[in-house]
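Asks:
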Amino acid sequence: MAQLRVLAVDDELPALEDLSYLLRADPRIGEVATARDGAQALRLLDRAIADGRPIDAVFLDIRMRGLDGVVLGRLLSQFANPPRVVFVTAYEEHAVDAFEIKAEDYLLKPVRPERLSEAIRRVAVSADVPAADGGESDTIPVELGGVTRFVSSADVIYVEAQGDYARLHTAAGSHLVRIPLATLEERWAPAGFLRVHRSHLVAVKHIDELHIDSGRCTVRVAGTEIPVSRRHTRELRDVLVRRARKGRPE
Numbered sequence: 001m002a003q004l005r006v007l008a009v010d011d012e013l014p015a016l017e018d019l020s021y022l023l024r025a026d027p028r029i030g031e032v033a034t035a036r037d038g039a040q041a042l043r044l045l046d047r048a049i050a051d052g053r054p055i056d057a058v059f060l061d062i063r064m065r066g067l068d069g070v071v072l073g074r075l076l077s078q079f080a081n082p083p084r085v086v087f088v089t090a091y092e093e094h095a096v097d098a099f100e101i102k103a104e105d106y107l108l109k110p111v112r113p114e115r116l117s118e119a120i121r122r123v124a125v126s127a128d129v130p131a132a133d134g135g136e137s138d139t140i141p142v143e144l145g146g147v148t149r150f151v152s153s154a155d156v157i158y159v160e161a162q163g164d165y166a167r168l169h170t171a172a173g174s175h176l177v178r179i180p181l182a183t184l185e186e187r188w189a190p191a192g193f194l195r196v197h198r199s200h201l202v203a204v205k206h207i208d209e210l211h212i213d214s215g216r217c218t219v220r221v222a223g224t225e226i227p228v229s230r231r232h233t234r235e236l237r238d239v240l241v242r243r244a245r246k247g248r249p250e
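Take the sequence shown: its letters are residues 1 to 250, numbered as in this note's numbering.
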């Protein structure tokens, strides 16, 4: 994998210098550009594209003079080939904005080297490895003991609706997030998720078994039996048949 070209953006010089120092110390980073505000960041990004050396990721402060990080992040998401965005901020309340922008990670200041290393790993994986089922990987912020972490859609086995919330089930545990199941259904369809019931969304790649008994349909996902409603049964069967044919040797 080629080394990453990144841009660090912060209007506070000491914070910018600290961040750029940590980035340059990581062997996965090849070049680090810096900007003191959003306007300068856009000029550097445009110049990099014109030179045929686009920036892979932007490590972005949120509260800045002029163009703030959330607005800049939304602008970057409109690029034809947007750079990955990692927010680096002293404020926890913008995690939902980060989710909407599809940020790779959300780091709180002061930045710990191990958390920055994990963010760089996420960027490197996103830049180099396609998501399962050919879809686009996505991340969602969750709160763990007062610390914001990002869970990748690639790590989610199934999702369970709980009122206005959704519970994400992974191999390591579950996380309750305040996002409707319908939103995740639309957002994660490209990553191989399928609605099987009004209360359940499953990652098709994790389905182990399909059972139909007396008109009642269920699937087994990582040892858990999940009901499939009648309106979703045919679509699910078609998806599983196509998946089986795709994996059949010639």
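All C-beta atoms, glycine included, are put in the ideal place defined by N, C-alpha and C.
Drop a sphere of 10 angstroms on the beta-carbon of VAL241, count the other beta-carbons inside from all chains shown, and report buried for 16 or more, exposed for fewer.
Replies: Its Cβ having fewer than 16 others within 10 Å, VAL241 is exposed.
Asks: Can you tell me whether PRO14 is helix, strand or coil according to DSSP?
Replies: Helix, per DSSP.
Asks: Let me know the alpha helix (DSSP H) ranges lying completely inside the stretch 62-93, each 4 residues or longer, listed in chain order.
Replies: Fully enclosed alpha helix (DSSP H) runs of 4 or longer: 69-77.
Asks: What separation, rounded to the nearest whole angstrom, lies between the Cα atoms of ALA116 and HIS94?
Replies: In the sequence on display, residue 116 carries Leu and not Ala. Between LEU116 and HIS94, the C-alpha separation is close to 18 Å.
Asks: Residues in the same chain with beta-carbon distance under 8 Å from GLU104, minus the five sequence neighbours each way, listed in chain order, please.
Replies: Correct list, in chain order: ALA57, ARG84, VAL85, VAL86, ALA119, ARG122, VAL123, SER126, THR139, PHE150.
Asks: I think VAL159 touches LEU176, with their Cβ atoms under 8 Å apart; what is that distance to the nearest whole Å?
Replies: In fact, because the Cβ distance is near 11 Å, the residues do not count as touching under 8 Å.
Asks: Take the Cβ of ASP10 as the centre, count every other Cβ of all protein chains shown within 10 Å, and call the residue buried at 16 or more, exposed below.
Replies: Per the 10 Å Cβ criterion, buried.
Asks: Tell me the DSSP bridge mates of ARG216?
Replies: ARG216 is bridged to ASP213.
Asks: Just checking my contact of ARG24 with LEU4 at CB under 8 Å: how many whole Å lie between their CB atoms?
Replies: At roughly 11 Å, the Cβ-Cβ gap does not stay under 8 Å, so ARG24 and LEU4 are not in contact.
Asks: Cα-Cα, which of GLU31, LEU194, VAL111 is closest to PRO14?
Replies: Looking at the Cα atoms, VAL111 is the closest of the given residues.
Asks: Hey, how far is the Cα of GLY69 from the Cα of ARG63?
Replies: If I take the Cα positions, the gap works out to 6 Å.
Asks: Would you tell me roughly how many angstroms separate the C-alpha atoms of ASP164 and PRO82, rounded to the nearest one?
Replies: ASP164 and PRO82: Cα-Cα distance of roughly 31 Å.
Asks: To the nearest angstrom, how far is it from the Cα of LYS102 to the Cα of ASP155?
Replies: Cα to Cα, LYS102 sits roughly 16 Å from ASP155.
Asks: Between LEU259 and ALA8, is the Cβ-Cβ spacing less than 8 Å?
Replies: Lying before the first or after the last residue shown, residue 259 is absent from the chain, which here runs from 1 to 250.
Asks: From GLY38 to LEU72, what does the alpha carbon distance come to, in whole angstroms?
Replies: Roughly 6 Å between the two C-alpha positions.
Asks: Is GLU186 helix, strand or coil when you go by DSSP?
Replies: Three-state result, GLU186: helix.
Asks: Pick out whichever of LEU201, LEU60, ARG234, GLU185 has its Cα sitting closest to the Cα of GLY215.
Replies: Closest by alpha carbon: ARG234.
Asks: What is the DSSP secondary structure of ALA222, reduced to helix, strand or coil?
Replies: If DSSP states are grouped into helix, strand and coil, ALA222 belongs with coil.
Asks: Using beta-carbon positions only, say whether ILE226 and HIS206 come within less than 8 Å of one another.
Replies: Going by C-beta atoms, ILE226 is not nearer than 8 Å to HIS206.
Asks: Taking Cβ to Cβ, would you say SER153 is nearer than 8 Å to ALA191?
Replies: Closer than 8 Å, so yes.
Asks: Let's see if you can read the secondary structure: which residues bound the beta strand (DSSP E) around GLY38?
Replies: Counting along the chain, GLY38 falls outside any beta strand (DSSP E), though it belongs to the alpha helix (DSSP H) covering 38-50.
Asks: According to DSSP, which residues form a beta bridge with PRO141?
Replies: DSSP output for PRO141 lists PHE150 as bridge partner(s).
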